[in-house]
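Worksheet: the structure to be examined is printed underneath.
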Amino acid sequence: MASPLRVLIHGGGIGGLTLATALARRGHTVEVAELRDALDALGVGIIQPTNALHVMREIGVLDACLDAGFEWEVLTIADPTGNALARIPQPRAGDVPASNGIPRPALAALLGDAAVTAGARIRFATTISALDDDGTGVTVTLSDGSTGRWDLVVGFDGIGSPLRTRLYGDRYAPEYTGFANWRVTVPRQPDVRGVVMATAGQEAKALLTPITDELMYLGAVFAEEPGFRPDPERAHEQLAARLAMFSGPVAEALAAVTDPSAVVHSRISQVTVEEPWHVGRVVLAGDAAHASTPHLAQGAAMAVEDALVLAESLDATDSVPAALEAWETRRRPRAMWVQAMSRAILKQEMGAPTTPEEDALLEVGIPGAAHVLAKPY
Ligand SMILES: Cc1cc2nc3c(=O)[nH]c(=O)nc-3n(C[C@H](O)[C@H](O)[C@H](O)COP(=O)(O)OP(=O)(O)OC[C@H]3O[C@@H](n4cnc5c(N)ncnc54)[C@H](O)[C@@H]3O)c2cc1C
């Protein structure tokens, strides 16, 4: 892009702040409209696989991520008692580390700092009220009453994306998979130096993920009725009951959970926008365009890849629409592959019938997928 662009990003989550940093570092004028009034995040952790860490290096925050998190290299598959059945080294994307666990609030804070340091402005408690794309630019009115004109508007506003509804109506409402994820942060056990995936056949799977020297999080997925919500007074006991077949490190982690409000319960849904991800100069990215189940720990990784590739696509041409076409051509196959693979793993783990296409993906498996995704995006 020969001259700097004016870019409005709707949503200051993981993808939106990564894009804000990547664009502001290139000299574009960037504002982020974020609905929340601060960059807080769920008090649990997230895995940054090697492809996400590669993006973090490209926007200058790799060391900050590693300092705030827990770098690890080996995925351990264990039985319900914690005995290791397999140790699977994780691949590296070039010379960046294989993986990093990090508390979500720490990641939000460091990405926010990076965006502001690069020159982006973050407007909190703000959302888009009206939007008019006349082909040469987009006039946007924000909820604070201000109006501005932008060359590009990016919807990084998450799985429930209001911008998606504005563009496509309710054609791509999140689809509940029938499963929910439970997460809780506990003290890290000294032996948990990488992700430990303990499985009890198709009955249950529990993951221990180190996120700092002191902390790790316990995560588990269960089939649940759409209307189910944990009892706010007993959520920790409900989680323990669901994982009763585990002893060893999982049971030890559960024993440390005495506060029901520490348990985070998330319904697992997915979204696939089948139509082009951009309408004129307004584009959707990250979960807003292609939310997947968390079985490959790649949703945020796809969001940050979307962000960096969008910045690179804008570098390569003077036409915003042409950049958006080129961006989607690069991004859609990879994001759809992650989504299909994640869903196939969910179905396999829960004993649900799989299609021949899903069976082919399952032959690649989680270890194979890690190698596929470590390759350049
Ligand atoms: C249980 C679970 C575990 C996961 N674990 C991993 C993992 O280990 N690794 C991984 O890579 N991914 C993981 N993911 C996926 C990951 O969390 C998402 O894919 C990622 O956060 C998507 O980033 P995003 O920027 O697209 O959206 P988000 O991070 O959801 O950000 C959306 C932002 O938009 C804002 N917003 C919403 N509405 C508005 C509005 N009207 N106006 C302005 N702003 C608005 C929100 O407040 C938010 O800040 C997991 C997901 C789940 C459910």
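Numbered by this note's numbering, the letters in the sequence shown go through residues 315 to 691 in order.
Idealized CB from N, CA, C, for every residue including glycine.
### Query
For the region 624-651, which segments carrying the beta strand (DSSP E) assignment without a break, of at least 3 residues, lie completely within its bounds, in sequence order?
With a minimum length of 3 residues, no continuous beta strand (DSSP E) run stays inside the region 624-651.
### Message
Shorter than 6 Å, the distance from the beta carbon of Arg350 to the closest heavy atom of ligand 1, or not?
### Response
Position 36 of the sequence shown holds residue 350. Within the cutoff, so yes.
### Query
From Arg463 to Ser583, what does the alpha carbon distance come to, in whole angstroms?
In the sequence shown, counting from the first residue as 1, residue 463 sits at position 149. In the sequence shown, counting from the first residue as 1, residue 583 sits at position 269. If I take the Cα positions, the gap works out to 34 Å.
### Query
Under 6 Å from any heavy atom of ligand 1, does the C-beta of Asp484 make it?
On the sequence shown, residue 484 is found 170 positions in, with the first residue counted as 1. Not one heavy atom of ligand 1 falls within 6 Å of the beta-carbon of Asp484.
#### Entry: Pick from Ser460, Ala614, Ala316, Val564 that is closest to Gly396, judged by C-alpha positions
Along the sequence shown, one-based indexing puts residue 396 at 82. That would be Val564, whose Cα lies nearest to the Cα of Gly396.
### Message
Within 10 Å of its beta-carbon, does Ser633 have 16 or more other beta-carbons around it, so buried, or fewer, so exposed?
### Response
Mapped onto the sequence shown, residue 633 falls at position 319. Its Cβ having fewer than 16 others within 10 Å, Ser633 is exposed.
### Message
Tell me whether Asp354, by its Cβ, gets closer than 6 Å to a heavy atom of ligand 3.
### Response
Within the structure as shown, ligand 3 is missing, the only ligands being ligand 1.
### Message
Is Gly268 a contact residue of ligand 1, with contact defined as CB to any heavy atom under 6 Å?
### Response
No information on residue 268 is available, as it lies outside the stretch 315 to 691 that the chain covers here.
### Query
Ile373: beta carbon under 6 Å from a heavy atom of ligand 1?
Along the sequence shown, one-based indexing puts residue 373 at 59. Checking every heavy atom of ligand 1 against the Cβ of Ile373, none is found closer than 6 Å.
### Reference Ala640, options Gln653, Asp620, Ile659, Arg657, closest by Cα
Within the sequence shown, numbered from 1, the residue matching residue 640 stands at position 326. The shortest Cα separation from Ala640 among Gln653, Asp620, Ile659, Arg657 belongs to Asp620.
### Query
Does the distance from the CB of Val344 to the CB of Ala352 come in under 7 Å?
As a first step, residue 344 is located in the sequence shown; it is residue number 30 there, counting from the start. As a first step, residue 352 is located in the sequence shown; it is residue number 38 there, counting from the start. Remark: C-beta atoms of Val344 and Ala352 do not approach each other more closely than 7 Å.
#### Entry: DSSP three-state assignment for Glu489, whether helix, strand or coil
Taking the first residue of the sequence shown as position 1, residue 489 is located at position 175. For Glu489, the three-state secondary structure derived from DSSP is strand.
### Message
Just to confirm my understanding: we take Ala516, look at its own chain, exclude 5 residues before and 5 after, and list those with CB closer than 8 Å. What are they?
### Response
Within the sequence shown, residue 516 is the residue found at index 202, counting from 1. Just to set this straight, residue 516 is Gln in the shown sequence, not Ala. Same-chain partners within the cutoff: Glu663, Met664, Gly665.
#### Entry: Residues that DSSP places opposite Ser413 in a beta bridge
Working through the sequence shown from its first residue, we reach residue 413 at position 99. Bridge partners of Ser413: Pro363, Trp386.
### Task
May I ask which residues mark the beginning and end of the beta strand (DSSP E) holding His579?
Translated into positions along the sequence shown, residue 579 becomes position 265. Residues 578-584.
### Message
Report the CB separation of Val454 from Ile442 in whole angstroms; it is logged as a contact under 8 Å.
### Response
Within the sequence shown, the letter at position 140 stands for residue 454. Within the sequence shown, the letter at position 128 stands for residue 442. With a Cβ gap of about 6 Å, Val454 and Ile442 count as contacting.
### Query
Are the region 367-383 and the region 644-653 touching by the rule of at least three beta carbon pairs closer than 8 Å?
The region 367-383 is not in contact with the region 644-653.
### Beta-bridge pairing of Pro524 - partner residues as DSSP gives them
Your numbering for residue 524 matches position 210 in the sequence shown. Secondary-structure assignment with DSSP links Pro524 through a beta bridge to Met530.
### Task
Out of Ala444, Pro419, Gly449, point me to the one whose CA is closest to Ser460's CA.
Locating residue 460 in the sequence shown gives position 146, where the first residue counts as 1. Cα-wise, what sits closest to Ser460 is Ala444.
### Task
Report the option in Ala432, Pro544, Ile391, Ala599 whose CA atom is closest to the CA atom of Leu624.
As a working note, residue 624 is residue 310 in the sequence shown. Of the candidates Ala432, Pro544, Ile391, Ala599, the one whose C-alpha sits nearest the C-alpha of Leu624 is Ala599.
### Query
Should the region 522-540 be called in touch with the region 473-489, which here means at least 3 C-beta pairs below 8 Å?
Contact fails: fewer than three Cβ-Cβ distances are below 8 Å.
### Task
Please classify Ala570: does DSSP put it in a helix, a strand, or coil?
Stepping through the sequence shown from its first residue, residue 570 is reached at position 256. Looking at Ala570 - three-state DSSP - the assignment turns out to be coil, as it is neither helix nor strand.
### Query
Between Asp458 and ligand 1, is the CB less than 6 Å from at least one heavy atom?
Within the sequence shown, numbered from 1, the residue matching residue 458 stands at position 144. The beta carbon of Asp458 sits no closer than 6 Å to any heavy atom of ligand 1.
### Task
Please indicate yes or no: does the CB of Ile360 lie closer than 6 Å to some heavy atom of ligand 1?
Here residue 360 refers to the residue found at position 46 of the sequence shown. Ile360 Cβ: within cutoff of ligand 1.
### Task
My understanding is that Val618 touches Val369, with C-beta atoms under 8 Å, so please give their C-beta distance in whole angstroms.
Counted from its first residue, the sequence shown places residue 618 at position 304. Counted from its first residue, the sequence shown places residue 369 at position 55. So it is a contact: roughly 4 Å between Cβ atoms.
### Message
So, with DSSP's three-state summary, where would you put Leu598?
### Response
Residue mapping note: residue 598 aligns to position 284 of the sequence shown, counting from 1. Looking at Leu598 - three-state DSSP - the assignment turns out to be strand.
### Message
Are there any heavy atoms of ligand 1 lying less than 6 Å away from the beta-carbon of Phe470, as far as the coordinates show?
### Response
In the sequence shown, the residue the question calls residue 470 occupies position 156. Result yes, Cβ under 6 Å from ligand 1.
### Query
Would you say the region 463-480 touches the region 550-559, given that touching needs at least three Cβ pairs under 8 Å?
Taking one beta carbon from each stretch, the region 463-480 and the region 550-559 have fewer than 3 pairs nearer than 8 Å; the two do not touch.
### Query
Who are the Cβ neighbours of Ser606 in its own chain at under 6 Å, not counting the five residues just before and after it?
For this step, residue 606 is matched to residue 292 along the sequence shown. The answer, listed in chain order, is Gln584, Gly613, Val652, Gln653, Ser656.
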